[in-house]
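Chains as they are written, first to last, in this note's numbering: chain A, 468 to 1306; chain B, 15 to 247. For every residue, glycine included, the Cβ atom is placed at its ideal position computed from N, Cα and C. Take a look at the structure below.
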């Protein structure tokens, strides 16, 4: 059959099945949209980091990296340039800072470079002249940041605060998309190297030297750099930040990926339900074509065209919807990750997001449309007709139950023995859910039939008969709700447990102080920005202040992890939080860390480096020295892991007496808020330090944790909404298609009210069974994810069984779908009994 | 007792002159009596049945069952009438697909009695109709004759006072037709049901107490014919 004829056949058949095709198209489009939007959200964070990194380093492939914010002397640049095989070497000073202007402020990365940076052709500086204003001390701002803080004209000033210092920096130029492309949305302040050093208070220091080796000389240059580093500096590839970020964001990305798969599955089930509406017509078509002499291949081409048109239409619609979702709803919020990585707010849409979404959409269309493929390939031309007549009887509950139980057993084995494979466990749980749903539905229908026998009235009987007669469709509808509720309960429950754990962690961290004094800005949420200790005595002398202790902390790149180092003052009470210790004795660990020379490592770090309590460890700090492991902890809420030591040890290992915060305890009876005001006044407006009560800091940490996990809540809500619509549409169209059958019952004298009650009973049973099965296995999934988060990533998860949220999800989905179905149900029962006589 | 008096059903037509589908039909059918109604296609047979079954409102005239005017019934009353007092057998087997023979047969009974009682009542009837071994078989697995017998069982399950049969043998071969007609007549007598049987099948006349002809919406009565044999048809 020629393509023209195939298209003609498609067109003339379309009219009769337009409603079913539209439902299928919507279903697949919903899945494609969710898949695409969640992919874009994940890719944007990683993409923005990679874009910015590449924009700065250009074609440099190696870097000599300082291990602390003090950096290395820029005189080292000469030594690097002298290494044989180095084509270009450029100094770079980078520092987290807070930039503000008349319209507000935000966390930024200050980047200082010189003219050698331009030769590396990074997009950020390739077309930017740094020399002309190097002498006057001015900065360049990307347009998005300039507008956000309200510093857009030449000469207008931005306030840049970092390392406990503040300075007013005049604007030289804004950088728009025409000059730096997508980087115009990056939160960076660019300055000539000397001015950046002045702003940071680090004259003659750089944070890294980026190196472009000559062709084929990378290995020898790397060796020479390692010699030069002498164990005090890191030598890495320039994509090192991306590797570190991938590790830090892996938990969040895996959750999103899991949700994306569940979204796609809900969309597919929506489409599957819709294609069931036209399945009988497709089987009829197969019979007709085969009876008229068309070969299985030709029939397959007819069906394939159906699938391609459906898939292509759904992909286009889904990508448009997904684009809207990603722009307006799923715009990525870097949350707490922004405190350790330079993340932009630009959307980065790679070809992978399109490819995955389109592949998912086309696969769903092919699976849904080509489901009668067995009958097409059969040698019996009437096989499809036979399938229509026997479809309702084709049950294999024993097999389904066996598959379901096997999947459950697999998930349980993963839960108990291999929580690392949690994603596989979740997939097994979804398979178990789909396999056991038919069995559960059969049981529920049988129970309904039995219950109906005990009462007078036909509602229960007719409902049970109808459900048993259309089992495949009933299972399809119930599965849609089941998968959606499963995802929402499992991921929502684990999300809530993680949030509770992070809240506990924030409470513990803030328990040892009343007031924090530290450099301002969201980038410094983890208290990792250092500043010189100059005001301790002044603050200690204030009335109402009992003590001022020095807290230190920082970020340390160790292997593939950017680790959070927490160094409270040795006298802090408590020094270690009981809720965060997972192995070891709290009292002895506290005593040892207080004495010095001992650290507490998060369990994942210890596992990765094969360390146990009592072992000696040398961490890659600027001044490495042996330490011993006192206990193992959670990751204290920081995915890559944490190391806890006392502040004096930190000063020794980092070779700096700088503080990261003053921990202020107020005198008994004094008001914390009043003392905070006094401290603020004593420091003055230009101090570059902010004052925050521990309660306010805890609230800020909690808000940021919630913000970082917000996308999961948004996706869960969307999945539930899609599931409600999918089930309502599927049941509604199922009921609408049943009008002839309803007419037959009316012909027999069944009143409209009775038939409506029958439809509501059927729908309620379907929805209740589907959603309840989803909720029950969802709670199981929650345990699996909790265990993975706690044991593999080491998060401080508070284990719980989210019964109430599960019940709420169940009631919302089932209740909303039932309420929607009631309308087409009522309209369908208005069918005239005479319709039954029209055939 | 079914009493139809001057029943009229006119449909408007584009030409202006209304189509007189049923034009002043009067008819009485006593309990236990079987009346066969013949007529060519378009003569108004089905329209007449629909009006008697409360499925179509007449333009004028009355349909009375035991002196109750069914044309004046509300929707709910009409439903209750069809459920409890009327049995309706049709050519195209209104069985619910995917549902067993016994469940299909006792569908109407379930509205008024409990399942066990319904099963107790319907089983002897199905056995008598030769379906004792097919009770749990789904409707689509039954033969045409078996499906028709399930319909008969359902129609008679509530002990109706009126039975309407519209081409009940239309899809059956001669032998099956005779069996079905014999059954309808037996059951009509046994249950004292007033029965109106619309058919093209010449066999049907042989089983009827009276034979009526409907042409152009008007009725005329014929003498009861001798029952023809299957061979003669």
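Contact of residue 1301 of chain A with chain B is assigned, a C-beta pair being separated by under 7 Å. The three-state secondary structure of residue 43 of chain B, taken from DSSP, is strand.
Below the 9 Å Cβ cutoff, chain B contributes 93, 96, 97, 121, 122, 125 as neighbours of residue 1217 of chain A, in chain order. Taking a contact as a CB-CB distance under 8 Å, the pair residue 116 of chain B and residue 84 of chain B does not count as one, their CB atoms being some 30 Å apart. Distance check between residue 15 of chain B and each of B:190, B:133, B:99 places B:99 closest, using alpha-carbon atoms only.
Between the C-alpha atoms of residue 807 of chain A and residue 995 of chain A there is a straight-line separation of about 9 Å. Apart from the 5 residues on each side of it in sequence, residue 1276 of chain A sits with its Cβ closer than 6 Å to the Cβ of 952, 955, 956 in its chain, given in chain order.
Bounds of the alpha helix (DSSP H) holding residue 1225 of chain A are 1219-1258. Taking a cut-off of 8 Å for Cβ pairs, the stretch 19-29 of chain B and the stretch 1213-1226 of chain A do not touch, as fewer than three such pairs fall below it. Residue 542 of chain A counts as exposed, since fewer than 16 other beta carbons sit within 10 angstroms of its beta carbon.
Residue 189 of chain B sits exposed, since fewer than 16 C-beta atoms from the chains shown fall within 10 Å of its C-beta. Below the 8 Å Cβ cutoff, chain A contributes no neighbours of residue 26 of chain B, its closest Cβ being approximately 18 Å away. Its Cα nearest to that of residue 669 of chain A, the residue A:538 stands out among A:765, A:697, A:774, A:538.
Taken in chain order, the complete beta strand (DSSP E) segments of 3 residues or longer contained in the stretch 489-542 of chain A are 529-532. For residue 1020 of chain A, the uninterrupted beta strand (DSSP E) run begins and ends at 1012-1025, by DSSP.
Under the Cβ criterion of 7 Å, residue 795 of chain A is not counted among the residues facing chain B. With respect to the 7 Å criterion, residue 199 of chain B and residue 48 of chain B are classified as neighbours on the basis of their beta carbons.
At a cut-off of 7 Å between C-beta atoms, residue 925 of chain A counts as an interface residue with respect to chain B. The residue from A:658, A:1266, A:562 with its alpha-carbon nearest to that of residue 603 of chain A is A:658. The DSSP-derived three-state label of residue 628 of chain A is strand. Across the set A:1236, A:1082, A:553, the C-alpha of A:1236 shows the shortest separation from the C-alpha of residue 904 of chain A.
Looking at the DSSP output, residue 701 of chain A bridges to A:532. Beta-bridge analysis with DSSP links residue 475 of chain A to no other residue.
Selection A:1177, A:629, A:1014, A:576 evaluated against residue 612 of chain A yields A:576 as nearest (Cα-Cα). Taking one beta carbon from each stretch, the stretch 1017-1034 of chain A and the stretch 1083-1092 of chain A have 3 or more pairs nearer than 8 Å; the two touch. Bridge pairing for residue 102 of chain B: B:178 [DSSP]. The beta carbons of residue 789 of chain A and residue 495 of chain A sit no closer together than 7 Å. Apart from the 5 residues on each side of it in sequence, residue 1083 of chain A sits with its Cβ closer than 6 Å to the Cβ of 1093, 1095 in its chain, given in chain order. Residue environment: residue 1105 of chain A is assigned as buried (16 or more neighbouring CB atoms within 10 Å of its CB, all protein chains considered).
In this model, residue 593 of chain A and residue 587 of chain A are separated by some 8 Å (Cα to Cα).
Cβ-Cβ distances below 7 Å link residue 570 of chain A to 615, 616, 617 in the same chain, with the five nearest sequence neighbours on each side left out; the list follows chain order. With its beta carbon less than 7 Å from one in chain B, residue 928 of chain A belongs to the interface.
Residue-level contact check: residue 69 of chain B touches chain A, since one or more beta carbons of chain A fall below 7 Å from its beta carbon.
The DSSP assignment places complete beta strand (DSSP E) segments of no fewer than 3 residues inside the stretch 633-703 of chain A at 655-659, 675-680, in order along the chain.
Neighbours of residue 920 of chain A in chain B, taken as residues at a C-beta separation under 8 Å, are given in chain order as 128, 129, 130. For residue 936 of chain A, the closest Cβ of chain B is nearer than 7 Å.
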